[in-house]
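A.B. asks: The letter at position 58 of the sequence shown is residue 58 when you use full-length UniProt numbering, and the numbering goes up by one with no holes. The beta carbon of each residue, even a glycine, is placed where N, CA and C say it ideally should be. Mind looking over this structure? Questions follow.
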Amino acid sequence: MKDLFNAFLRLTVKLSLHLYFQKIRVFGKENLPKGKAVLIVCNHQNALIDPLLIATHTQLKPHFLTRASAFKNPIAAKILNYIRMIPVYRIRDGKDKMEKNKETFQKSVDILHQKGSILIFGEGGHDMKRTLRPLKKGFARIAFQTLEQNPELELLILPVGINYSAHTRSGSEVSIHFGKPFPAGDFYPKYDNLMNTTLEAMDPLVAQIPEENYAEEVEKIIENRVNITDPIAVKAALAGNLEEADHSQLLTETGGISGGILKILIAPFFLFWKKVKIGIKDPTFYATFKFVICYGGMPILLLFSIIFLIKNYNYSIIILTYWLLVFITILANRNKPTY
């Protein structure tokens, strides 16, 4: 039953992500291992959207290491456990809670022993800036603890990079780059070597813009229509080789028109989002909340529409026209890159 539910969730979330984003590009699928223990190490720029993209665009069915604060509510904790999420405790959660990470690491090790997969965001936190931050030691600890308990296991590190054109806006673009996996055992027990090699493997998968003059560099990239979700194109543009960069990034924005119509059509959700937004302190969560509100709310609205239609068949043309307009405006919604 649990597997069936997760399969349904995976399918509906994937469909919803393709409606939320204007375009999702996936590169390096040939690098995805089969029948192996895999530790997926990814950059982290967009809260819950990052793991959802990875989970729905691979066949690895990974478990996710996520911040323990999300598990505070007992009901939320049960749901998160059900969908393969494992809590990670940080100092801000309390020094006494840090001891619980031993249980988290052991659970991760047990999953890898069964040739499962674990997704961990190696940077240890999220940030919408387009850069790759130094990796934390957590993923290396899990890798080496796994090998200590099972030296014969072929444990692979899979580097991944996710790149957004506009982190907080629907109708934008995102790219997922899967790098070539490599055996963690080649580096045991040298933590620094594993961390440095993983960082080097992730480097070409992430569009990186220097923090110095960040806004100016992003503006230049956008003005030259360089595809900001393409790490190679961004690197070429920063080096001044604009002719070598991918210039497929759209500057035309239809989000103002289609987005405005869509906001009217789904006004209750939009107004609810505006109210929720006030209480969100970290903008990195904007896309997550917008996606979750629509993912949960649209089926309810559709159900009420069907019930209304059954009882009021004479309004069928109005109801069908309404949903057709919703669908068209979602597909037409395009938002150009942002900072």
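What's the C-alpha gap between Y164 and N241?
C.D. replies: Position 164 of the sequence shown, counted from the start, is the residue given in the question as residue 164. Position 241 of the sequence shown, counted from the start, is the residue given in the question as residue 241. When rounded, the distance between both Cα atoms is 22 Å.
A.B. asks: Please classify A287: does DSSP put it in a helix, a strand, or coil?
C.D. replies: In the sequence shown, the residue the question calls residue 287 occupies position 287. Here A287 sits in helix by DSSP.
A.B. asks: Got a sec, what are the start and stop residues for the alpha helix (DSSP H) N101 sits in?
C.D. replies: As a first step, residue 101 is located in the sequence shown; it is residue number 101 there, counting from the start. First-last of the alpha helix (DSSP H) with N101: 101-113.
A.B. asks: With 16 as the cutoff for other CB atoms within 10 Å, does R92 come out buried or exposed?
C.D. replies: The residue labelled residue 92 in the question sits at position 92 within the sequence shown. Answer is exposed; the Cβ neighbour count stays below 16.
A.B. asks: If you draw a straight line from the C-alpha of F64 to the C-alpha of S316, how long is it?
C.D. replies: Counting from 1 along the sequence shown, the entry for residue 64 is found at position 64. Counting from 1 along the sequence shown, the entry for residue 316 is found at position 316. Those two C-alpha atoms are separated by around 43 Å.
A.B. asks: Between the alpha carbons of I49 and L32, how many angstroms are there, rounded?
C.D. replies: For this step, residue 49 is matched to residue 49 along the sequence shown. For this step, residue 32 is matched to residue 32 along the sequence shown. Each residue's alpha carbon lies about 20 Å from the other.
A.B. asks: Buried or exposed: which applies to M1, given that a residue is buried once 16 or more other Cβ atoms fall within 10 Å of its Cβ?
C.D. replies: What you label residue 1 is simply residue 1 of the sequence shown in a count that begins at 1. It is exposed - the Cβ of M1 has fewer than 16 other Cβ atoms within 10 Å.
A.B. asks: Quick one: give me the first and last residue of the beta strand (DSSP E) that E216 is part of.
C.D. replies: Taking the sequence shown and counting its residues from 1, the one referred to as residue 216 is at position 216. From DSSP, E216 is part of no beta strand (DSSP E) but of the alpha helix (DSSP H) over 214-223.
A.B. asks: DSSP three-state call for E200: helix, strand or coil?
C.D. replies: Taking the first residue of the sequence shown as position 1, residue 200 is located at position 200. Of the three classes helix, strand and coil, the one that applies to E200 here is helix, per DSSP.
A.B. asks: Quick one: what does DSSP say S117 is sitting in, helix, strand or coil?
C.D. replies: Here the question's residue 117 lines up with position 117 in the sequence shown. Strand.
A.B. asks: Do you know offhand how far A184's Cα is from N333's?
C.D. replies: By one-based count along the sequence shown, residue 184 stands at place 184. By one-based count along the sequence shown, residue 333 stands at place 333. Their Cα atoms are separated by approximately 43 Å.
A.B. asks: Measure the alpha-carbon distance for V88 versus R133 and round it to whole angstroms.
C.D. replies: As a position in the sequence shown, residue 88 is number 88, starting the count at 1. As a position in the sequence shown, residue 133 is number 133, starting the count at 1. Those two C-alpha atoms are separated by around 19 Å.
A.B. asks: Please state if the CB of P231 and the CB of A201 are separated by a distance shorter than 8 Å.
C.D. replies: Reading the sequence shown from its first residue, position 201 is the one you call residue 201. Reading the sequence shown from its first residue, position 231 is the one you call residue 231. Contact: no.
A.B. asks: Excluding the five sequence neighbours on either side, which residues of its own chain have a C-beta within less than 7 Å of the C-beta of I71, listed in chain order?
C.D. replies: Residue mapping note: residue 71 aligns to position 71 of the sequence shown, counting from 1. Here residue 71 turns out to be Phe, not Ile, going by the sequence shown. Around F71: A77, L80, P87.
A.B. asks: Skipping 5 residues on each side, what residues in its chain have a beta carbon closer than 6 Å to that of S108?
C.D. replies: For this step, residue 108 is matched to residue 108 along the sequence shown. Excluding positions up to five away in sequence, the list reads I118, I142.
A.B. asks: With burial defined as no fewer than 16 other Cβ atoms inside 10 Å of the residue's Cβ, what is the status of E123: buried or exposed?
C.D. replies: Walking along the sequence shown from the start, residue 123 turns up at place 123. Answer is buried; the Cβ neighbour count reaches 16.
A.B. asks: Kindly indicate which residue of L11, N6, L39, V326 has the alpha-carbon position closest to the one of G179.
C.D. replies: The residue labelled residue 179 in the question sits at position 179 within the sequence shown. Nearest of L11, N6, L39, V326 to G179, Cα basis: L39.
A.B. asks: How about I228 and C42: are their beta carbons less than 8 Å apart?
C.D. replies: Your numbering for residue 228 matches position 228 in the sequence shown. Your numbering for residue 42 matches position 42 in the sequence shown. In this structure, C42 does not lie closer than 8 Å to I228 by Cβ.
A.B. asks: State the Cα-Cα distance for the pair residue 412 and I310, rounded to the nearest angstrom.
C.D. replies: Limits of the chain in this structure are 1 at one end and 339 at the other, which puts residue 412 out of reach.
A.B. asks: Locate the beta strand (DSSP E) running through V160, then write down its first and last residues.
C.D. replies: Within the sequence shown, residue 160 is the residue found at index 160, counting from 1. Its beta strand (DSSP E) spans residues 155-164.
A.B. asks: Going by DSSP, which residues form a beta bridge with R67?
C.D. replies: Here residue 67 is taken as the residue at index 67 of the sequence shown, counted from 1. In DSSP, R67 forms a bridge with V88.
A.B. asks: Is there contact between the stretch 212-229 and the stretch 191-198, where contact requires at least three CB pairs shorter than 8 Å?
C.D. replies: Output reads no: the stretch 191-198 does not touch the stretch 212-229.
A.B. asks: Assuming the contact rule is C-beta atoms closer than 8 Å, Q35 and K115 should be a hit. Round their C-beta distance to whole Å, please.
C.D. replies: The count along the sequence shown starts at 1 and reaches residue 35 at position 35. The count along the sequence shown starts at 1 and reaches residue 115 at position 115. Here residue 35 is Gly; the residue named in the question, Gln, does not match the sequence. Their Cβ separation, rounded to whole angstroms, is 6 Å, which keeps G35 and K115 in contact under 8 Å.
A.B. asks: Throw me the rounded Cβ distance for the D110 and Q45 pair, which I believe falls under 8 Å.
C.D. replies: The residue labelled residue 110 in the question sits at position 110 within the sequence shown. The residue labelled residue 45 in the question sits at position 45 within the sequence shown. Wrong, their Cβ atoms sit about 29 Å apart, outside the cutoff.
A.B. asks: Count the other C-beta atoms from every protein chain shown that fall within 10 angstroms of the C-beta of F304, then say buried if there are 16 or more, exposed otherwise.
C.D. replies: For this step, residue 304 is matched to residue 304 along the sequence shown. Exposed, by the Cβ-count rule.
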